[in-house]
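Going down the list, the protein sequences come from chains A and B.
When we follow the working numbering, the leftmost residue of the first sequence carries the number 1, and every step to the right adds one.
When we follow the working numbering, the leftmost residue of the second sequence carries the number 1001, and every step to the right adds one.
The structure under discussion appears below in the form of structure tokens.
There are 2 protein chains.
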Amino acid sequence: MTDKTKKKATIYDLSVISGISPSTVSAVLNGTWRKRRIKEATAELIQKLAEEHGYSANLQARGLRSSRSGLVGLLLPVHDNRYFSSMAQYFEAQVRSTGQCPIVVSACRDPDEEHQIVESLISYSIDELLIAGATDPDGVHDICERAGLKHVNIDLPGSKAPSVVTDNYEGGRLLTQALIERMREQGPVAPDELHLFGGRDDHASRERIRAFRDVKRAMLGGDPDSCIQPTGYSPGNTAHAFEAFHARHGRLPRGFFVNSSINLEGLMRFLAQHPQEAFADIVVGCFDYDPFASFLPFPLFMIRQDAEAMITKGLSILSTTRPPIMTHLVAPTLVPPRTALIGPLDALKDPDAVHSVL
Amino acid sequence: MTDKTKKKATIYDLSVISGISPSTVSAVLNGTWRKRRIKEATAELIQKLAEEHGYSANLQARGLRSSRSGLVGLLLPVHDNRYFSSMAQYFEAQVRSTGQCPIVVSACRDPDEEHQIVESLISYSIDELLIAGATDPDGVHDICERAGLKHVNIDLPGSKAPSVVTDNYEGGRLLTQALIERMREQGPVAPDELHLFGGRDDHASRERIRAFRDVKRAMLGGDPDSCIQPTGYSPGNTAHAFEAFHARHGRLPRGFFVNSSINLEGLMRFLAQHPQEAFADIVVGCFDYDPFASFLPFPLFMIRQDAEAMITKGLSILSTTRPPIMTHLVAPTLVPPRTALIGPLDALKDPDAVHSVL
DNA sequence: CTTTTTTGCGCAATCGATGGTGCAATAACC
DNA sequence: GGTTATTGCACCATCGATTGCGCAAAAAAG
Chain A
1 MTDKTKKKAT IYDLSVISGI SPSTVSAVLN GTWRKRRIKE ATAELIQKLA
51 EEHGYSANLQ ARGLRSSRSG LVGLLLPVHD NRYFSSMAQY FEAQVRSTGQ
101 CPIVVSACRD PDEEHQIVES LISYSIDELL IAGATDPDGV HDICERAGLK
151 HVNIDLPGSK APSVVTDNYE GGRLLTQALI ERMREQGPVA PDELHLFGGR
201 DDHASRERIR AFRDVKRAML GGDPDSCIQP TGYSPGNTAH AFEAFHARHG
251 RLPRGFFVNS SINLEGLMRF LAQHPQEAFA DIVVGCFDYD PFASFLPFPL
301 FMIRQDAEAM ITKGLSILST TRPPIMTHLV APTLVPPRTA LIGPLDALKD
351 PDAVHSVL
Chain B
1001 MTDKTKKKAT IYDLSVISGI SPSTVSAVLN GTWRKRRIKE ATAELIQKLA
1051 EEHGYSANLQ ARGLRSSRSG LVGLLLPVHD NRYFSSMAQY FEAQVRSTGQ
1101 CPIVVSACRD PDEEHQIVES LISYSIDELL IAGATDPDGV HDICERAGLK
1151 HVNIDLPGSK APSVVTDNYE GGRLLTQALI ERMREQGPVA PDELHLFGGR
1201 DDHASRERIR AFRDVKRAML GGDPDSCIQP TGYSPGNTAH AFEAFHARHG
1251 RLPRGFFVNS SINLEGLMRF LAQHPQEAFA DIVVGCFDYD PFASFLPFPL
1301 FMIRQDAEAM ITKGLSILST TRPPIMTHLV APTLVPPRTA LIGPLDALKD
1351 PDAVHSVL
């Protein structure tokens, strides 16, 4: 405002115009001035000046000196997904409320990307890191360890750092059970009428598949291997799997468990190619919640993972001194078809909304 | 690896163990060594050493010296939304491919938050900023301007910096027209049978509403004010608007235009409260694309905004020397019901996918 | 064998903030 | 009034990398 100069004011600028030493200015502006026995009047003077000149600390300089940066990272597999983007949303709010700066990045489920990105975050001296859904959590751990960076795994556990993950077995159990019960409303269910699509060889998929098989064996008396198709986390591959099944059997399975909302997008691609009748009587489960998917024109049971609780727990572990290396389970919930849950966006105020129309 | 020390190696460490001066080490490791006429052998030696000791530059130090940071920011209204999260996805990929570090933050559509967050990004000396969907683009501009930070508006235009936005009028026109044509398949359409919900007093909403009204007047011969309900970008408020309409008329409008996927979530909340029959014959348009929403059990026309093109254009403007202050329009596309488009995630490789099952 | 040119690299200041140490001036005490 | 305590603040090294400048040794030119 008062300064037309293109560059930001520094403590030296304030020092010159106030005739007070830079170290005193620094102390005043970073809040340590009482400890340094600076007179209240001096502090007020400097604060006023800083205000007038729009001073704000150069955080790179501060970070260099203190080898901390005030940055807290969240490493995601992908942004473009309601589960992970809601994590990002909660993460931002919580980190910002501690006065730190959240920085969210995605590594596309590529281990090399994960490593590179973490290295680069370390180069920026980030203070803490939440590693969500990493393909190689232990590899990332080693990198963090070497740099002395505090970190926690979220969503997919690692063996070398504390982890916070959904109780995937329980979620898988809830979902499979709900599917079978719903299918039984249409008549008896044979073991080969309930399939599973999607997921890969990671902890979450394994647990979900284990639950799926356990429940099938207990409730249906059987569990053929051919009912499991881990197509990876790719909409395209999942769509192919549905097409292949349909080509072979002339229809989709009566019931199936889709391992994530990303795989569920594969189902949408299949649907786009087929008339509504092709799936008039299917019952579907999806391990993820999406508000639109919940209203699709077939019964769709969803599992809502508690992203908020996981972020909260993860951050609280980070603020613990020497957290034990263990895996914390967070309970997911079964969401029946046609359910609209509220999400992180509901916490936002919207002052411009026009209410009068009601 | 070779070093057990907890701290990262610096150019000084490498200088000591190699007997070569820090400045030479620095030059070698930042690539300016040819310009400084360093012997090739020396360079190789240092590079080998750096490799062995897992050296990576302290970017805070570099940033301090050069008053650049290698960080490029994307300021979003919210993460938890397919439109913005796909922007984030494209943004990350594109920025990373230039060797810079993307940093994505959200400001919750709160002007104060926007200002604060931008101030803090500036404190980290970020090099460039994409401002997406800002509530107060010109306010943010002033802050950037003062700090000499290059910036571009995306999605919502500002008057003081270059902007890249969807052609909202054209999108609104396409959508309204598609709605009316579809409604006419069921019989003649009266002006008060087509409504609009959602949006607030921003450029995008105004343009969409203008198109909506123009098309209604042209095609239906009328355009009552009572058909427009800008409920803000809040699922809750939107749901209330639907409930209120339903309470008054005993049904939803035959056709309606929903201003964003966030408002569409409000419709889901309404649906959850009512039996399927309550909306057997509605025709809906939504200004945003979501792959699941597209398959909802009623005709839902969607507008897909070209996030990728907007990011690309925005970044290219940032790399221009003195870009003119103008608004670039990006054409959106009309997406008919039951369409599964591919998105940014399809660019990802997925090595672990099991294809054999096909 | 000089003189000039080129090669190769080191010196030292700098970016902005932090914090340990030390030194006056003032206040408190006997 | 002289001595000790306290208050208030300045000095300066430091964090790690960058970069203009300059100097010695080697090479080329004369």
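Don't be surprised by glycine CBs; every beta carbon is placed ideally from N, CA and C.
Exercise. How do the stretch 154-168 of chain A and the stretch 305-320 of chain A stand: do at least 3 beta-carbon pairs fall below 8 angstroms, yes or no?
Worked result: yes
Exercise. Is the stretch 1144-1157 of chain B in contact with the stretch 1106-1124 of chain B, if contact means three or more CB pairs nearer than 8 angstroms?
Worked result: With the cut-off at 8 angstroms, the stretch 1144-1157 of chain B and the stretch 1106-1124 of chain B touch.
Exercise. How about CYS108(A) and VAL78(A): do their beta carbons lie closer than 8 angstroms?
Worked result: Annotated as proximal: CYS108(A) and VAL78(A), with beta-carbon spacing under 8 angstroms.
Exercise. Can you list the residues of chain A that GLY1236(B) reaches, using a CB-CB cut of under 7 angstroms?
Worked result: ASP346
Problem set entry | 8 angstroms Cβ cut-off: residues of chain A touching MET1268(B) | Contacts between MET1268(B) and chain A, judged by CB atoms closer than 8 angstroms, involve PRO291, PHE292, SER294, PHE295 and ALA340 in chain order.
Exercise. Out of THR1231(B), GLU1092(B) and LEU1174(B), which has the shortest C-alpha to C-alpha gap to ALA1241(B)?
Worked result: The candidate whose alpha carbon is nearest that of ALA1241(B) is THR1231(B).
Exercise. Taking the alpha helix (DSSP H) that ALA1307(B) falls in, what are its first and last residues?
Worked result: 1307-1318
For this session: Could you work out which residue in ALA41(A), SER66(A), VAL16(A) and GLU128(A) is closest to SER316(A) when comparing CA atoms only?
Result: GLU128(A)
Exercise. Cβ of TYR1012(B) less than 8 angstroms from any chain A Cβ?
Worked result: no
Problem set entry | Coarse secondary structure for GLY54(A), derived from DSSP in three states | Annotated three-state conformation of GLY54(A) is coil, per DSSP.
Problem set entry | Entirely enclosed alpha helix (DSSP H) segments - the stretch 211-298 of chain A, minimum 4 residues | 235-249 and 261-272
Exercise. If you drop the 5 nearest sequence neighbours on each side, which residues of the same chain put their C-beta closer than 7 angstroms to that of GLN94(A)?
Worked result: ILE311, THR312 and LEU315
For this session: Indicate the three-state DSSP secondary structure (helix, strand or coil) for ARG65(A) in the structure shown.
Result: helix
For this session: Using a Cβ-Cβ cut-off of 8 angstroms, state whether GLN1177(B) counts as contacting chain A.
Result: It does not: the Cβ of GLN1177(B) has no partner Cβ on chain A nearer than 8 angstroms.
For this session: Determine the extent of the beta strand (DSSP E) in which ILE1131(B) is found, giving its start and end residues.
Result: 1128-1132
Exercise. Does DSSP put ASN1153(B) in a helix, in a strand, or in coil?
Worked result: strand
For this session: Quick one: grab the DSSP three-state call for ILE1342(B).
Result: coil
For this session: May I ask you to report which of helix, strand or coil DSSP gives LEU361(A)?
Result: This structure cannot speak to residue 361(A), because chain A is shown only from 1 to 358.
For this session: Show which residues of chain B have a CB atom less than 7 angstroms away from the CB atom of SER56(A).
Result: GLU1119 and SER1123
Problem set entry | Nearest candidate by alpha-carbon position, reference LEU300(A), set ASP138(A), ILE103(A) and ASN259(A) | Checking every option, the nearest Cα to that of LEU300(A) belongs to ASN259(A).
For this session: Could you tell me which of THR1098(B), SER1097(B) and THR1166(B) sits nearest to ALA1331(B), measuring between CA atoms?
Result: The residue with the shortest Cα to Cα distance from ALA1331(B) is THR1166(B).
Exercise. Can you find at least 3 beta carbon pairs, one from the stretch 208-216 of chain A and one from the stretch 244-255 of chain A, that sit closer than 8 angstroms?
Worked result: no
Exercise. Should ARG65(A) be labelled buried (16 or more other beta-carbon atoms within 10 Å of its own) or exposed?
Worked result: Flag for ARG65(A) reads exposed.
Problem set entry | Within 8 angstroms, strictly: CB atoms of GLY255(A) and LEU194(A) | Their beta carbons are under 8 angstroms apart, which means GLY255(A) touches LEU194(A) by this criterion.
For this session: Please state whether DSSP places VAL1028(B) in a helix, a strand or coil.
Result: helix
For this session: Taking only the alpha-carbon atoms, compute the straight-line gap between ALA1272(B) and THR339(A) and give it to the nearest angstrom.
Result: The alpha-carbon atoms of ALA1272(B) and THR339(A) are separated by roughly 6 angstroms.
For this session: Output the distance between the C-alpha atoms of ILE126(A) and SER85(A), rounded to the nearest integer angstrom.
Result: So the two alpha carbons sit approximately 21 angstroms from each other.
For this session: Consider the Cβ of ALA272(A): report whether some Cβ of chain B lies at a distance smaller than 8 angstroms.
Result: Closer than 8 angstroms: yes.
Problem set entry | Cβ of ASP1080(B) within 8 angstroms of any chain A Cβ | yes
For this session: Can you tell me which of the three DSSP states PRO1337(B) falls into?
Result: coil
Exercise. Between the Cα of GLY54(A) and the Cα atoms of ASP202(A), LYS8(A) and LEU29(A), which residue gives the shortest distance?
Worked result: LYS8(A)
Exercise. What number of angstroms, rounded off, separates the C-alpha of SER1226(B) from the C-alpha of HIS1328(B)?
Worked result: 32 angstroms
Exercise. Across which residues does DSSP place GLY199(A) in a beta bridge pair?
Worked result: GLY232(A)
Exercise. Excluding sequence positions up to five away, which residues of its chain have a Cβ less than 6 angstroms from the Cβ of ILE11(A)?
Worked result: PRO22, VAL25 and SER26
Exercise. Between ASP112(A), TYR233(A), MET87(A) and ASN30(A), which lies nearest to ALA307(A) when the distance is taken from Cα to Cα?
Worked result: MET87(A)
For this session: Following the continuous alpha helix (DSSP H) through ILE325(A), name the residue where it begins and the one where it ends.
Result: No alpha helix (DSSP H) contains ILE325(A), which DSSP labels as neither H nor E.
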